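*Asks:*
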Amino acid sequence: LGLNERHPNIALSPTPRQLSFSVYISTACSCRRSHTLLYLLPRCAAVRRSIHRSIMEVENRYIAVRHHVEGSPSVDDFEVKTEAVRWTPESGEVLVRNMYVSIDPYQLNRMKRQSASHHSVDVIVPGERIASYGAGEVVASACEEYKEGDVVAGMLAWEEYSVFRPASVLLMSKVDTSSGFPLSYQLGVLGTSGMTAYGGFYEVCKPQAGEKVFVSAASGSVGSLVGQFAKLAGCHVVGCAGTQAKVDMLKDKLGFDDAFNYKDEPDLKAALKRRFPDGIDIYFENVGGEMLEAALANMNTYGRVAVCGVIAEYTDPGRRAVPDLLEVIYKRITLRGFFAWDFIARFHEFTAIIGGWIEEGKVQVVEDVSDGLESVPSAFVALYRGENVGKKLVKLA
Numbered sequence: 001l002g003l004n005e006r007h008p009n010i011a012l013s014p015t016p017r018q019l020s021f022s023v024y025i026s027t028a029c030s031c032r033r034s035h036t037l038l039y040l041l042p043r044c045a046a047v048r049r050s051i052h053r054s055i056m057e058v059e060n061r062y063i064a065v066r067h068h069v070e071g072s073p074s075v076d077d078f079e080v081k082t083e084a085v086r087w088t089p090e091s092g093e094v095l096v097r098n099m100y101v102s103i104d105p106y107q108l109n110r111m112k113r114q115s116a117s118h119h120s121v122d123v124i125v126p127g128e129r130i131a132s133y134g135a136g137e138v139v140a141s142a143c144e145e146y147k148e149g150d151v152v153a154g155m156l157a158w159e160e161y162s163v164f165r166p167a168s169v170l171l172m173s174k175v176d177t178s179s180g181f182p183l184s185y186q187l188g189v190l191g192t193s194g195m196t197a198y199g200g201f202y203e204v205c206k207p208q209a210g211e212k213v214f215v216s217a218a219s220g221s222v223g224s225l226v227g228q229f230a231k232l233a234g235c236h237v238v239g240c241a242g243t244q245a246k247v248d249m250l251k252d253k254l255g256f257d258d259a260f261n262y263k264d265e266p267d268l269k270a271a272l273k274r275r276f277p278d279g280i281d282i283y284f285e286n287v288g289g290e291m292l293e294a295a296l297a298n299m300n301t302y303g304r305v306a307v308c309g310v311i312a313e314y315t316d317p318g319r320r321a322v323p324d325l326l327e328v329i330y331k332r333i334t335l336r337g338f339f340a341w342d343f344i345a346r347f348h349e350f351t352a353i354i355g356g357w358i359e360e361g362k363v364q365v366v367e368d369v370s371d372g373l374e375s376v377p378s379a380f381v382a383l384y385r386g387e388n389v390g391k392k393l394v395k396l397a
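Residue numbers for the sequence shown follow full-length UniProt numbering, so the first one is 1 and each next one is one higher.
Shown next as structure tokens:
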């Protein structure tokens with residue numbers, strides 16, 4: 001008697017040649033009703049092999065947007081939906097039980113009806129699942145590269161189970177569970193956040209020892225890493241954040257030379273002038289709006305601006321920066337936007353370097369983890385209220 005005890009909400013359906021009979025039982029759980037299929041198997045090698053040709057069906061809950069989101073998001077913009085996900089051995093697909101999903105500000109742009117930014121990203125259709133970087137365990141595979149029990153990280157979705165085709169999914173890889181790092185690191189410091197911070201700082205900014213670096217939204221998943229990378233590069237680094245607790249963390253835990261609460265500064269240009277009397281060489285931009293204008297006014301000649309994000313402008317188009325282009329021209333300032341995917345060819349190189357720094361205690365990891373699929377909407381909304389510290393994640397299993 002074989003029972004799928006490891007994943008009790010998965011049902012296995014035998015192929016016609018496999019068995020002449022089967023028995024379904026229903027098991028009750030606190031959150032929902034799930035079905036498990038019992039096999040009555042003869043002790044026959046041919047039949048045991050036929051299990052690998054079974055059809056697998058799983059009850060899957062996922063987060064969807066009810067409608068296109070304009071302005072600041074709220075939890076009422078989202079809903080939990082349920083569907084049956086079907087996997088077959090002929091599909092060439094891999095079924096993953098998701099354990100962590102990433103919560104990132106850029107996803108709001110995909111939820112809007114349309115904008116110029118959507119030319120480079122897919123717009124999310126209301127009612128459909130929301131793609132997200134995630135990590136989980138393989139529960140069924142029709143691909144030799146992935147086996148049941150493998151732990152993977154890559155582009156999955158805000159859902160309990162995901163199905164992907166190895167040839168078409170972006171940045172999917174098996175996780176070396178012997179590394180000793182928590183699985184959550186694969187979505188943050190050793191995932192897209194780390195790749196964004198490392199690629200943006202070292203490849204776009206090209207720092208030199210002794211240069212002056214300013215990081216906005218410095219307590220976030222990317223900014224908190226950029227500041228630490230700047231110190232490792234021998235730079236003087238100042239960050240800004242939205243609460244005193246975050247400011248203290250930047251200086252006391254992450255080693256920033258200075259930090260300030262931008263909400264306490266009525267004149268951002270003057271605030272930066274006080275902290276950078278000799279000017280800014282590198283600005284790592286995560287905010288946009290008045291912050292970008294203030295930074296440009298304080299940039300040195302041949303300064304570099306890495307435009308990673310503009311979270312202040314995602315919810316309020318009226319706050320878009322109006323940079324003084326004469327400053328850019330006469331100071332020969334370079335502004336460059338980028339995506340994490342620009343550096344994907346060097347992903348394993350980046351993670352090896354960053355992993356070494358973590359082991360040596362040179363990089364501190366800051367995470368903000370919520371529990372359960374139902375917490376995804378509130379976790380996402382928290383990003384736009386400035387409530388998160390470090391990498392925002394939701395743990396599903």
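Heads up, the beta-carbon is just placed ideally off N, CA and C, and yes, glycines get one too.
Values in this document were obtained by computation on a predicted structure and should not be read as measured data.
1) How many angstroms separate the CA atom of residue 398 from the CA atom of glutamate 70?
2) State buried or exposed for glycine 92, treating a residue as buried only when at least 16 other CB atoms are found within 10 Å of its CB.
3) Whole angstroms is fine: what's the gap from leucine 373's alpha carbon to valine 139's?
4) With 16 as the cutoff for other CB atoms within 10 Å, does tyrosine 283 come out buried or exposed?
5) Can you give me the C-alpha to C-alpha distance between glutamate 387 and asparagine 298, rounded to a whole angstrom?
6) Using the rule of at least 16 other Cβ atoms within 10 Å of the residue's Cβ for burial, across every protein chain shown, is serine 178 buried or exposed?
7) Which residues in the same chain have their Cβ closer than 8 Å to the Cβ of phenylalanine 181, if we skip the five residues on either side of it in sequence?
8) Measure how close the beta-carbons of serine 219 and methionine 249 come, nearest whole angstrom, since I'm counting them as under 8 Å.
9) Kindly identify the DSSP beta-bridge partner or partners of lysine 174.
10) Measure the C-alpha to C-alpha separation of aspartate 324 and glycine 279 and round it to an integer number of angstroms.
11) By the three-class DSSP mapping on this structure, what secondary structure does residue 409 have?
12) Sorted by chain position, which residues of the same chain lie with C-beta nearer than 8 Å to methionine 195's C-beta, five sequence neighbours on each side aside?
13) Taking the alpha-carbon positions, what's the alanine 271 to methionine 56 distance?
14) Starting from asparagine 261, follow its DSSP beta bridges and name the residues at the other end.
15) Between which residues of its own chain and phenylalanine 256 is the CB-CB distance below 6 Å, once the five residues before and five after are set aside?
16) Is the CB-CB distance between phenylalanine 380 and glutamine 107 below 9 Å?
*Replies:* Taking the definition as stated:
1) Missing from the structure shown is residue 398; the chain here goes from 1 to 397 and no further.
2) exposed
3) 19 Å
4) Counting Cβ neighbours within 10 Å, tyrosine 283 comes out buried, since at least 16 surround it.
5) 29 Å
6) exposed
7) Leu190, Gly355, Ile358
8) Yes, serine 219 and methionine 249 are in contact; Cβ-Cβ is about 6 Å, under 8 Å.
9) Paired residues: Val152.
10) One C-alpha to the other measures close to 16 Å.
11) This structure does not reach residue 409, given that the chain is present from 1 up to 397, and the question cannot be answered.
12) Ala340, Phe343, Ile344, Phe347, Phe350, Thr351
13) 60 Å
14) Paired residues: Ala241.
15) Gly227, Val237, Gly239, Leu250
16) yes
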